[in-house]
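Numbering (this note's numbering), first residue to last: 1374 to 1856.
Working notes, structure below.
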Amino acid sequence: MKVKDKRSTGAGALKSFIQFSYGTWGLAFINILTTPVITWLIVPEELGRASMFTLLYNVLLNIALLGTDQSFCRFFYENTRSRPTLLSSSILIPLLLVLVIGVGVISSWDFLSTLMFGQSEPVTVALILVFTLLSGVIYRFGLLSLRMYKSANSYSILQIINGVLNVTLIVGYSWLVHKSYEAIIIAFLISTSCSALITISIQYKLWKRAVVAVDSELIKKTIFYGLPFVPAFILEWLFQASDRFFLRYYMSFEDIGIYAASFKIVAALNLLQSGFNLFWVPFSYELFSKNPEERGTYAKVFNFLSAALLAVIVMLMLFKNIIASILADSYSEAAYIIPFLLFIPVLYTISEVTVVGINLKKKTYFHLYISLFAFISNVLLNFLLIPAFGIKGAAIATGLSYFVFFVSRTFYSQSLFKINYAWSRFTCALVIAFCCAIVHSFMEQSIYSLSLGIVGMLLVILLFLQEWKEMLQIAKSRLKLKA
């Protein structure tokens, strides 16, 4: 009977994993298919302006939320009888803050638009920003409530609807009205607003009861819990956005657009991170709870990830020109930006293993220091490299700053939870990958560069040959079981 329960629990967990994750996979697939289409419709300069709009939206959204979205998740299972009250108490302050931020944005729009877009934009753009923020707050809490209520299919389908609607509107506006960044920001507003309305309609009873259920004490509680998250969110945003700001200062919007398009291509690899996290987070916590002294499993997962991901990115560098060729000709320089950007998802994913000590030991304040170190390194590297190498410099700076991020996460984690990773092999493989990235960032595609890339990939595989043999053996065993 117990065996049956375990099997049903495992099957349920797998089913939940698939239902919650297919929306993410669907969005990535949409992104891969539509990025080339968007680059053929919208010139790099306009895409660059849209990228700056998105940056501004993200920071203002995080400020408006005040970490109350984290509070909503934290207190959700503690307030099983008053979840509408929790929803209203969590969302009220962010909605009011959006109105305050909106007044500030509109009153200082000439200065703000010149700073962000290089010219004074119509106040309608400011209104689009404010209404997108309002919709964004509602959409964020709508998705969170679906997730917390475990409405997995609704959660995933809504993400796909949002992505399809956004792309359809961009393409339609570009063809029928004007091929400018307005197509992107208007599509962003409409798709976010429609998705927010859909979340409300799906959970209409919850939202209807939330309208009249506000608790002043619960509001204080959500703000008190959520506020400490804000500095970390802002630091993380600065870390991820400083390359665009330096490009804005030193380069042109055309360069920002090319850089943004390169990022959208590499972003597809973020599936590695999100997919791995869905497995790794519960697995690592369960492993630690059962055997706090266990270390070998963490080291083995680290080795498998390092073996696979470092070999994969060196291989992708070999095909950078083919990958970039799917974009419009005006984005051709993306081929020389992609190599160093590939390190972002790879180092982040591997660091999800090496950071485990911080989370298991509940010393989460270290994450603030990590974000600070990564941000400082990113600023310094962008300051030094963009004037010298342009958008290639921004890609190199970002790739290297993620190495600082990886080292910082690993250092603090190791001080709390020592694990003997295969550092010598990993370091050699990473240096080889960095050398390949330099070659493919600065050399034209040739027999020489291809040969160096192939040699680099083979060396990385040889360094982790034992892991590759084990992975192949596991794959063969799985295939035999299915047969």
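For each residue, glycine too, the CB sits at the ideal point set by N, CA and C.
Keep in mind the model is a prediction, meaning the values are calculated, not measured.
Indicate the three-state DSSP secondary structure (helix, strand or coil) for residue i in the structure shown.
i            : result
residue 1664 : coil
residue 1576 : coil
residue 1601 : coil
residue 1551 : coil
residue 1419 : helix
residue 1709 : helix
residue 1817 : coil
residue 1457 : helix
residue 1795 : coil
residue 1523 : coil
residue 1492 : coil
residue 1728 : coil
residue 1484 : helix
residue 1625 : coil
residue 1720 : helix
residue 1757 : helix
residue 1620 : helix
residue 1715 : coil
Do the CB positions of residue i and residue j come within less than 7 Å of each other?
i            : j            : result
residue 1733 : residue 1790 : yes
residue 1792 : residue 1832 : no
residue 1802 : residue 1683 : yes
residue 1588 : residue 1462 : yes
residue 1441 : residue 1586 : no
residue 1439 : residue 1549 : no
residue 1432 : residue 1610 : yes
residue 1764 : residue 1704 : no
residue 1602 : residue 1521 : no
residue 1487 : residue 1481 : no
residue 1731 : residue 1786 : yes
residue 1412 : residue 1640 : no
residue 1575 : residue 1514 : no
residue 1722 : residue 1613 : no
residue 1751 : residue 1850 : no
residue 1788 : residue 1743 : no
residue 1417 : residue 1699 : no
residue 1691 : residue 1826 : yes
residue 1814 : residue 1738 : no
residue 1490 : residue 1422 : yes
residue 1467 : residue 1437 : yes
residue 1830 : residue 1822 : no
Whole-angstrom Cβ separation of residue i and residue j, contact assumed at under 8 Å?
i            : j            : result
residue 1747 : residue 1759 : Between residue 1759 and residue 1747 the Cβ distance is about 17 Å, and since that is not below 8 Å, they are no contact.
residue 1403 : residue 1536 : 4 Å
residue 1617 : residue 1485 : The pair is not a contact, with the Cβ atoms about 16 Å apart (cut-off 8 Å).
residue 1671 : residue 1726 : 6 Å
residue 1434 : residue 1506 : 6 Å
residue 1510 : residue 1476 : Actually they are not in contact, since the Cβ atoms of residue 1510 and residue 1476 sit about 16 Å apart, beyond 8 Å.
residue 1516 : residue 1572 : 7 Å
residue 1455 : residue 1595 : Not really, about 13 Å apart at Cβ, beyond 8 Å.
residue 1681 : residue 1697 : That pair is no contact at about 24 Å.
residue 1729 : residue 1797 : With 8 Å as the limit, residue 1729 and residue 1797 do not qualify as a contact, their Cβ atoms being about 21 Å apart.
residue 1569 : residue 1508 : 5 Å
residue 1687 : residue 1809 : 5 Å
residue 1756 : residue 1619 : 7 Å
residue 1563 : residue 1426 : Contact flag wrong, Cβ pair sits at about 14 Å.
residue 1718 : residue 1642 : 4 Å
residue 1479 : residue 1496 : 6 Å
residue 1502 : residue 1430 : 6 Å
residue 1771 : residue 1724 : Not really, about 15 Å apart at Cβ, beyond 8 Å.
residue 1579 : residue 1518 : 6 Å
Hey, quick one: how far does the alpha helix (DSSP H) through residue i stretch, first residue to last?
i            : result
residue 1703 : Where residue 1703 is concerned, there is no enclosing alpha helix (DSSP H), given that its DSSP letter is neither H nor E.
residue 1588 : Element bounds for residue 1588: n/a, residue is neither H nor E.
residue 1734 : No alpha helix (DSSP H) holds residue 1734; DSSP gives it neither H nor E.
residue 1764 : 1764 to 1789
residue 1443 : 1441 to 1448
residue 1451 : Careful: residue 1451 lies outside any alpha helix (DSSP H) and carries neither H nor E.
residue 1837 : Unbroken run through residue 1837: none, as it is neither H nor E.
residue 1672 : 1669 to 1691
**Asked** Is there contact here, the region 1700 to 1720 with the region 1623 to 1642, by at least three beta-carbon pairs under 8 Å?
**Response** Between the region 1700 to 1720 and the region 1623 to 1642 there are three or more C-beta pairs closer than 8 Å, enough to call the two in contact.
**Prompt:** Can at least three beta-carbon pairs, one atom from the region 1527 to 1547 and one from the region 1606 to 1617, be found at a separation below 8 Å?
**Reply:** By the Cβ rule, the region 1527 to 1547 does not count as touching the region 1606 to 1617, because fewer than three pairs are nearer than 8 Å.
**Prompt:** With a cut-off of 8 Å, do at least 3 Cβ pairs link the region 1828 to 1844 to the region 1673 to 1680?
**Reply:** Using a C-beta cut-off of 8 Å, the region 1828 to 1844 makes contact with the region 1673 to 1680, since at least three inter-stretch Cβ pairs fall below that distance.
**Asked** Can we say the region 1522 to 1530 touches the region 1553 to 1570, given the rule of at least three CB pairs closer than 8 Å?
**Response** The region 1522 to 1530 and the region 1553 to 1570 do not touch, with fewer than 3 CB-CB distances between them shorter than 8 Å.
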